[in-house]
Amino acid sequence: MKMKAKKKKIILCCCISLILLLLMAAVYIFQFTGLGYRMSVPYRSSFEKAADNIYVNKNYSGNIKEAIQLTEEALERDRAFFGKLQCTDTTIIIFCDDDKLLSKLGGDHDTKTSYTKKNYISVSDKYLNIDIIAHEFTHAELHTRLNMKALESIPTWFDEGLATQNDYREQYGLDAWIEQTDNGKNTVPLEDMDTGSEFYADPVEDRRFRYLNAKHEVSEWMEIHGQNGLLELLDKLNNGEEFGAAYFK
Numbered sequence: 749m750k751m752k753a754k755k756k757k758i759i760l761c762c763c764i765s766l767i768l769l770l771l772m773a774a775v776y777i778f779q780f781t782g783l784g785y786r787m788s789v790p791y792r793s794s795f796e797k798a799a800d801n802i803y804v805n806k807n808y809s810g811n812i813k814e815a816i817q818l819t820e821e822a823l824e825r826d827r828a829f830f831g832k833l834q835c836t837d838t839t840i841i842i843f844c845d846d847d848k849l850l851s852k853l854g855g856d857h858d859t860k861t862s863y864t865k866k867n868y869i870s871v872s873d874k875y876l877n878i879d880i881i882a883h884e885f886t887h888a889e890l891h892t893r894l895n896m897k898a899l900e901s902i903p904t905w906f907d908e909g910l911a912t913q914n915d916y917r918e919q920y921g922l923d924a925w926i927e928q929t930d931n932g933k934n935t936v937p938l939e940d941m942d943t944g945s946e947f948y949a950d951p952v953e954d955r956r957f958r959y960l961n962a963k964h965e966v967s968e969w970m971e972i973h974g975q976n977g978l979l980e981l982l983d984k985l986n987n988g989e990e991f992g993a994a995y996f997k
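Per my numbering, the sequence shown runs over residues 749 to 997.
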């Protein structure tokens, strides 16, 4: 009897320890990681709902109506690019002008995607414009359309190159590419922009140059293949085809 009681006590202690570890892990994820914090925004008292899937921090000093309008215009731009959008119901966009909250969100103009295929866009007032919002929603749409295996297989230059198709800022335009690459004589090899660590490496000037090159590469591809070709490419990737074989075919 004593042995059984001792065994039950050990099992109970193990269960309690496991529960505590899970609780600690949940607290860490939702409080100290950018993705986790974004996922919990709808339930936090420091944020409020401005419209469907749009949140702002409390005491937001920006123009909420403008933020909503820019979001709608950005979605229309992306809708024309893809034909229709699949990400609208699974994407939350957060506008924030509080530096402390932005640090917890883990970014001031970027998109994070969970393993459940939900997207969380964070945008500060500094980057409140249609180009950046459309850029981030293009990430969200691409990430929504690809299954997780396919998403993990695409190179960063393609992810960013596609997003910049809906980002019309002059710094990523054709004229800038011609000037900065000497009309294509000085470009970044695609294989040097495959990973996030390569693509987003500092300094800022080099990073912007990679964006410029990525946009031009995907622009050239889109000129040839168009919207139908893009959708076919995504289908091939979801069906397990290797990115290089599908893209460069």
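Where a beta carbon is used, it is the ideal one built from N, C-alpha and C, also for glycine.
{"Check": "Between which two residues does the alpha helix (DSSP H) carrying valine 966 extend?", "Outcome": "952 to 986"}
{"Check": "Can you list, in chain order, the residues of its chain with a C-beta nearer than 7 Å to that of aspartate 923? Leave out the 5 residues immediately preceding and following it.", "Outcome": "none"}
{"Check": "Taking the alpha-carbon positions, what's the tyrosine 959 to glutamate 971 distance?", "Outcome": "18 Å"}
{"Check": "Ignoring anything shorter than 3 residues, give me the beta strand (DSSP E) runs that lie fully in the region 866 to 892, in order along the chain.", "Outcome": "867 to 872"}
{"Check": "Nearest CA to the CA of aspartate 856: which residue from Tyr863, Ser870 and Asp846?", "Outcome": "Ser870"}
{"Check": "Report the residue from Ser901, Thr836, Leu771 and Phe830 whose alpha carbon sits nearest the alpha carbon of glycine 977.", "Outcome": "Phe830"}
{"Check": "Who does alanine 799 pair with in a DSSP beta bridge?", "Outcome": "Ile802"}
{"Check": "Mind checking proline 903: buried by the 16 CB within 10 Å criterion, or exposed?", "Outcome": "buried"}
{"Check": "Per DSSP, what kind of secondary structure is lysine 832 in: helix, strand or coil?", "Outcome": "coil"}
{"Check": "Spatial neighbours of glutamine 928 within its chain, please: CB distance less than 7 Å, with the 5 preceding and 5 following residues excluded, ordered by chain position.", "Outcome": "Phe957 and Leu960"}
{"Check": "What are the complete alpha helix (DSSP H) segments, minimum 4 residues, inside the region 815 to 860?", "Outcome": "847 to 853"}
{"Check": "What residue range does the alpha helix (DSSP H) around isoleucine 926 cover?", "Outcome": "922 to 928"}
{"Check": "Roughly how many whole angstroms lie between the Cα atoms of lysine 806 and serine 794?", "Outcome": "6 Å"}
{"Check": "Are isoleucine 840 and valine 789 close, meaning C-beta to C-beta below 8 Å?", "Outcome": "yes"}
{"Check": "Tell me the DSSP secondary structure of proline 937 in three-state form.", "Outcome": "coil"}
{"Check": "Output the boundary residues of the alpha helix (DSSP H) element that contains phenylalanine 996.", "Outcome": "Taken as a continuous stretch (DSSP letters only), phenylalanine 996 belongs to no alpha helix (DSSP H), as it is neither H nor E."}
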